[in-house]
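My numbering numbers the first residue of the sequence shown as 669 and each following residue consecutively.
Backbone N, C-alpha and C fix where the C-beta goes; we use that ideal spot for every residue, glycine too.
Computed from a predicted structure; not experimentally measured.
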Amino acid sequence: MNSALILKIKQLISQLTPGQKIGFSALTVIAIICMFMILTWANRPEYGLLYSNLDASDVSNILDDLKGNGIPYKLKNGGTTVLVPKKDVYELRIKYAGKNMISTGAVGYELFDKNNLGLTDFMQKVNLKRALEGELANTINQIDAVMKARVHLVMPERALFEDEENQTTASVILKLRSRSALERQQVSGIQQLIAGSVEGLKTENIIIIDTFGNVLTNNESNDDEIGMSRSQYDLQQKVEKYLAKKAQSMLDKVLGVNNSIIQISVALNFEKIRRTTEKVDPENSAVLSEEKNEERSSSTDTTHFQRENSITNYELNKVTEQYENSVGDIKHLSIAVFVNGVTDVDQDGNQINVPRPVEEIQKITEIVKSSVGFQNDRNDQIVVNQLTFDQTTVNREKELLESIEQEENRNEIIKFALMGLGAILVLFMLRSFFKKLGLDEYMKRQRGQLLSSLESADKKQKMLTEDDADDYYNEKLSHEAKERLKLQEKITGDVTEFTQSEPARAANILQYWLYGDDE
């Protein structure tokens, strides 16, 4: 089959001149290259995130496995992020998790899974400390704000006397996702976690720092007053953030996002006052006790003596009230609001900043007051000013998004343009090929003869459907024309099939036809 096809192709191309052969070969090569580029573009894999923030050793292990299995990959973020085709992401994650190819950064109690026979007592203690450090680090890594943790424990030997025994200490270094990722309560929680996991370890003996060298713990003093002032400061910050968030959400809905800024300063009352009040009502007193004495005497000389004595003890009506104020009440509010000006267009078409009306500023003031619980009896203060905001960053981000969108659209246009260009080149190549063989002129002659023979059959032609008309035209062709049309269709199909299945041999054949036996 292949030899017969090659012979037919040689017979057809032998009829071409050397210039036609060169043009035909060039068009064939260009068409093959374009089709290859289009197929490569259309079938390129869509990449997804496999892992990020990896160590160099983990990346090396993953790349060795990907190369061994012939899986394409990409590296980003300085080689710490690995991208693979989306269809392989979940399968590879499960595979690497089963093989423990991604290290957690610390070895835990799995250190004792191996046979440790023959180890000295000292090595056993060292392994126990390593395992405990690894387990603590892996547990701390579960916190969302922590990217990576490392724990160092100092566990001294037990002394004979308690006074001579040194205390257990711990040092922790954290790699955070951002510098302000951990709050004070979270740091305290890590301290409590470590202290509860190590025997004899106290929270004041735990030091926690981040990778920037900032000390996150404050163990200089555990005085109650210092602790109270720290908690008071945290409470004040929370109240300020809460009120500012409430007011900002309302302003964003009214003015739009990034058109207002609000800052709130809160003074809280941390005085703890206990007041006792006693009220006495003398008119509504009650008799507590009453004593009466009566004396009488008489004699023969008609002398009589009588005396009465009465003592009454009253209990006063007394009301005792005890009052204790709540700590953390808002004592004073200071509110500052900045509103972006309005952009308008002048007569020349230039953008200008126009101040907002006074009525609008008053409405904004009332909105902020109602959202934060503004009270005049506390002497709360509020200032609302309008300024022109610097939109450089916003405009830059907008331009960046527009450029990304334009690039995506441009890539899509290039993709379809290449596909269209490839199709046009293939059609042009086939047309030129058949034109050079004289089939085009032959078809024109046959078409003219057919049209002239059909002039007398206009009525019959109008009654035919489109499919019937094609059959009718084929019936009118001569036997020779039918054979040549069949040969043309067969050769076209065979050439296309042979070129796709064996492109290397097709290229060698074209080279042989162009240069003949001189090569």
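Rounded to the nearest whole angstrom, the C-alpha separation of Leu-804 and Val-750 is 28 Å. Straight through space, the alpha carbons of Pro-753 and Arg-852 are spaced by roughly 41 Å. Note that the region 942 to 949 does not touch the region 908 to 926; fewer than 3 beta-carbon pairs, one per stretch, sit closer than 8 Å.
In terms of Cβ geometry, Val-1010 and Arg-1024 form a close pair [threshold 9 Å]. Bridge partners of Val-1013 according to DSSP: Gln-1019. Going by beta carbons, Ala-813 and Gln-854 fall inside the 9 Å limit. Using a 10 angstroms sphere on the CB of Asp-723, the tally of other CB atoms stays under 16, which defines it as exposed. If you draw a straight line from the Cα of His-820 to the Cα of Phe-938, it comes to about 40 Å. For Leu-1153 and Val-697, the gap between their C-alpha atoms comes out near 26 Å.
Counting C-beta atoms within 10 angstroms of its own C-beta, Gly-802 has 16 or more neighbours from the protein chains shown and is therefore classed as buried. Beta-carbon to beta-carbon, Val-1005 and Val-1052 are separated by about 4 Å, close enough to satisfy the 8 Å threshold. Phe-692 counts as buried, since at least 16 other C-beta atoms from the protein chains shown sit within 10 angstroms of its C-beta.
Contact between Gln-860 and Thr-885 fails: their C-beta atoms lie close to 12 Å from each other, not under 8 Å. Counting along the chain, no beta strand (DSSP E) covers Leu-760; the unbroken alpha helix (DSSP H) around it starts and ends at 757 to 767.
As the crow flies, the alpha-carbon of Lys-940 is around 13 Å from that of Gln-900. The beta carbon of Asn-809 is closer than 6 Å to those of Ala-817 in its chain, skipping five residues each way along the sequence.
Listed as beta-bridge partners of Pro-753 by DSSP are Tyr-715. Straight across, the Cα-Cα distance linking Asn-737 with Ile-730 is about 11 Å. Of the residues assessed, Ser-1038 falls on the exposed side of the cut-off, its CB having fewer than 16 other CB atoms within 10 angstroms. According to the DSSP assignment, Ile-1050 belongs to the beta strand (DSSP E) that extends over 1049 to 1055. DSSP lists no beta-bridge partner residue for Ala-699. Inter-residue distance for Asn-745 and Ile-841 is about 23 Å (C-alpha atoms, whole angstroms). Pairing Phe-1084 with Leu-695 gives a Cβ-Cβ distance that is not under 9 Å. Rounded to whole angstroms, Lys-1158 and Met-703 show a C-alpha spacing of 22 Å. Taking each of Arg-964, Ser-957 and Ser-994 in turn and checking the Cα distance to Ile-979, the smallest one comes out for Ser-957. Your pair Lys-843 and Met-823 does not check out as a contact, with CB atoms roughly 24 Å apart and the cut at 8 Å. Here Lys-913 carries a helix assignment [DSSP, helix/strand/coil]. Going by DSSP, Ala-817 is part of the beta strand (DSSP E) stretching over 814 to 822. In the displayed model, Thr-837 falls within a strand according to three-state DSSP. Taking every protein chain shown into account, the CB of Ala-765 has fewer than 16 other CB atoms within 10 angstroms, so this residue is exposed. In this structure Gln-916 is buried. Its beta-carbon is surrounded by 16 or more other beta-carbon atoms within 10 angstroms. DSSP, reduced to helix, strand and coil, places Asp-723 outside both helices and strands of the structure shown, so it counts as coil.
Counted as a single uninterrupted DSSP element, the stretch harbouring Val-995 is not any alpha helix (DSSP H), since DSSP gives it neither H nor E. Put simply, of Ile-700, Lys-870 and Ser-839 the residue whose alpha carbon is nearest the alpha carbon of Phe-1166 is Ile-700.
Put simply, the backbone Cα of Val-1036 is about 25 Å away from that of Val-995.
Here Asp-726 is near Tyr-719, since their CB atoms are less than 9 Å apart.
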